[in-house]
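Those letters in the sequence shown? Residues 54 to 438, by this note's numbering.
From the three backbone atoms N, C-alpha and C, an ideal C-beta is built for every residue, glycine too.
The structure appears below as structure tokens.
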Amino acid sequence: MTDLTAAPADLMIETPSWAYGNSGTRFKVFAQQGVPRDPYEKIADAAQVHAFTGAAPTVALHIPWDRVDDYAALTAHARSLDVGIGAINANVFQDDDYMLGSVTNPDPRVRRKATDHLLECVDIMDATGSRDLKLWFSDGTNYPGQDDIRARQDRLAEALEEVYARLGGDQRILLEYKLFEPAFYTMDVPDWGTSLVHCLALGPKATVCVDTGHHAPGTNIEFIVAMLLRAGRLGAFDFNSRFYADDDLMVGAADPFQLFRIMHEVVRGGGLDPATGVAFMLDQCHNIEPKIQGQIRSVMNVQEATAKALLVDAAALKSAQETGDVLGANAVLMDAYNTDVRPLLAEWRTAKGLSADPIAAYRASGYFEKIVAERVGGSQAGWGA
């Protein structure tokens, strides 16, 4: 058994700047009151999540959505609010030039433009002290014969090699993947295997980012996690939840048992040890729920799944597995999953000087009423998040 009053200290969860803005589904963005109008206000909201959970000390930026003239000033602003700048996310999917792809586009001019943007993001990493460059490519094709599948992989590899060579000594690439959408015949990075192949070719500073919503229904995500941990190439998670496809719902909302199974493999593989470099990030768009509360609840959901995973009796599980006790082994996992860890986590929060109930504490803080009153006028974020 693990002392859960200490264990959550090893789990830090990065929140995304775009979760705080007016973002939503492919069909509609429902504007909310008090949402941030610029990156400074996004960071201020992210700081609230950290203040009430004690577990969200960094916020990821998305470029150009979060582009500013002075990144040193933005970084200082974050530090003044007791948070830091986390991963820098590139955007090579919202430009008309990228209709046929970005770094895999058949037009060399477009490929150069996309690669230059990725290099710009490394410059921003230098300015903010960020470690991670997170790359997701919408590149792909919709029709058989539309483009040369192998040639597109060559173009991708060429761009990644140029960006990799530009990285500083402590910087790295997190290469995300997605099964489908917006391309429906081929995605150029559709799965963890494709991502891993490119990362292995690049070198040790390239690792795979697992988005928990980017798989076919029924995919055993914990198997992927186990394999990447075994290979030393699990760089990060983008935590969200889905019922059908890439819904970007709050993590643990659709299948909390899956989240527990994933975190069990993380614990089993040593992924909570900061030395492994595994980054735990949220990637969500809150469309109908309050945005800051949605992030707080998501952090709490990951904490609960992790606490349950830490309760797994590893010795008993190993014994049952080695003796072929199928039901006994499963019972060990289920006993941990069925444990109500909320009182233990409340105790941990209280020991840190936090409220035992972060949601209730945030609601009582008056912060939401404050930003609704202050953030009037100006241009609120839309799909630019």
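Please state whether DSSP places Arg225 in a helix, a strand or coil. Translated into positions along the sequence shown, residue 225 becomes position 172. It is a strand residue.
What's the gap between the Cα of Thr111 and the Cα of Cys174? Here residue 111 is taken as the residue at index 58 of the sequence shown, counted from 1. Here residue 174 is taken as the residue at index 121 of the sequence shown, counted from 1. Thr111 and Cys174: Cα-Cα distance of roughly 17 Å.
What is the residue span of the beta strand (DSSP E) that Arg359 lies within? As a working note, residue 359 is residue 306 in the sequence shown. At residue 359 the sequence reads Thr, which differs from the Arg that was named. Run containing Thr359: none in the beta strand (DSSP E); it sits in the alpha helix (DSSP H), 344-363.
Indicate the three-state DSSP secondary structure (helix, strand or coil) for Val145 in the structure shown. Reading the sequence shown from its first residue, position 92 is the one you call residue 145. Note: Val145 maps to coil in three-state DSSP.
Between Glu400, Phe290, Val278, which has its C-alpha nearest Met334's C-alpha? In the sequence shown, the residue the question calls residue 334 occupies position 281. Closest by alpha carbon: Phe290.
CA-CA distance, Gln348 and Thr68? Mapped onto the sequence shown, residue 348 falls at position 295. Mapped onto the sequence shown, residue 68 falls at position 15. Taking the straight line joining both Cα atoms gives about 7 Å.
For Gly271, which residues in the same chain have their Cβ closer than 7 Å to its Cβ, ignoring the five residues on either side in sequence? One-based indexing of the sequence shown puts residue 271 at position 218. No residues qualify anywhere along the chain.
How would you label Leu386, buried or exposed, when you count the other beta carbons within 10 angstroms and need 16 or more for buried? Stepping through the sequence shown from its first residue, residue 386 is reached at position 333. It is buried - the Cβ of Leu386 has at least 16 other Cβ atoms within 10 Å.
Please determine, among Phe292, Thr239, Glu215, Arg416, the residue with the shortest C-alpha to C-alpha distance to Val254. For the purposes of this step, residue 254 is taken as the residue at position 201 of the sequence shown. Per the sequence shown, the amino acid found at residue 254 is Ala instead of Val. That would be Glu215, whose Cα lies nearest to the Cα of Ala254.
If you follow the alpha helix (DSSP H) that Phe313 is in, where does it begin and where does it stop? What you label residue 313 is simply residue 260 of the sequence shown in a count that begins at 1. Residues 309-321.
Taking 8 Å as the line, does the beta carbon of Ala129 fall inside it for any heavy atom of the ligand HEM? What this structure holds is no ligand at all, so the ligand HEM is not there to describe.
What is the residue span of the beta strand (DSSP E) that Lys187 lies within? Sequence index remark: in the sequence shown, residue 187 carries index 134 (1-based). Residues 185-188.
On the CB-based measure, 16 or more other CB atoms within 10 Å of its CB, does Met303 come out buried or exposed? Residue numbering aside, residue 303 sits at position 250 when the sequence shown is read from its first letter. With 16 or more other Cβ atoms within 10 Å, it is buried.
Status (buried if at least 16 other CB within 10 Å, exposed otherwise) for Pro92: Position 39 of the sequence shown, counted from the first residue, corresponds to residue 92. That one is buried.
Would Thr260 and Leu227 be called neighbours here (beta carbons separated by less than 9 Å)? In the sequence shown, the residue the question calls residue 260 occupies position 207. In the sequence shown, the residue the question calls residue 227 occupies position 174. Contact: yes.
Would you identify the three-state DSSP class for Leu64, choosing helix, strand or coil? Numbered from its first residue, the sequence shown carries residue 64 at position 11. Three-state result, Leu64: coil.
Span of the alpha helix (DSSP H), counted from its first residue to its last, around Cys252: In the sequence shown, counting from the first residue as 1, residue 252 sits at position 199. Note, Cys252: alpha helix (DSSP H), 245-255.
Just to confirm the assignment, what range does the beta strand (DSSP E) spanning Val112 have? The residue labelled residue 112 in the question sits at position 59 within the sequence shown. Unbroken beta strand (DSSP E) run through Val112: 111-116.
Give the DSSP bridge partners of Thr287, in chain order. As a working note, residue 287 is residue 234 in the sequence shown. It is Leu, not Thr, that sits at residue 287 in the sequence shown. Note: Leu287 sits in a beta bridge opposite Val261.
Burial state of Met54, where buried means 16 or more other Cβ atoms lie within 10 Å: Residue mapping note: residue 54 aligns to position 1 of the sequence shown, counting from 1. Confidence at Met54 is low in this model, with a pLDDT of 43, below 50, so the placement of that residue should be treated as unreliable; the coordinate-derived value is given next. Exposed, by the Cβ-count rule.
Under 8 Å: do the stretch 354-373 and the stretch 382-397 share three or more Cβ pairs, one atom per stretch? Yes, they touch.
Report the CB separation of Cys338 from Asp308 in whole angstroms; it is logged as a contact under 8 Å. Within the sequence shown, the letter at position 285 stands for residue 338. Within the sequence shown, the letter at position 255 stands for residue 308. About 19 Å separates the two Cβ atoms, so there is no contact after all.
Rounded straight-line distance, which links the Cα of Val352 to that of Ala109: Position 56 of the sequence shown, counted from the start, is the residue given in the question as residue 109. Position 299 of the sequence shown, counted from the start, is the residue given in the question as residue 352. Looking at the two C-alpha atoms, the distance is approximately 8 Å.
Distance, Ile341 Cα to Ala84 Cα: For the purposes of this step, residue 84 is taken as the residue at position 31 of the sequence shown. For the purposes of this step, residue 341 is taken as the residue at position 288 of the sequence shown. Those two C-alpha atoms are separated by around 9 Å.
Can you tell me whether Thr194 is buried or exposed? The criterion is at least 16 other CB atoms within 10 Å of its CB, across all chains shown. As a working note, residue 194 is residue 141 in the sequence shown. Its Cβ being crowded by 16 or more others within 10 Å, Thr194 is buried.
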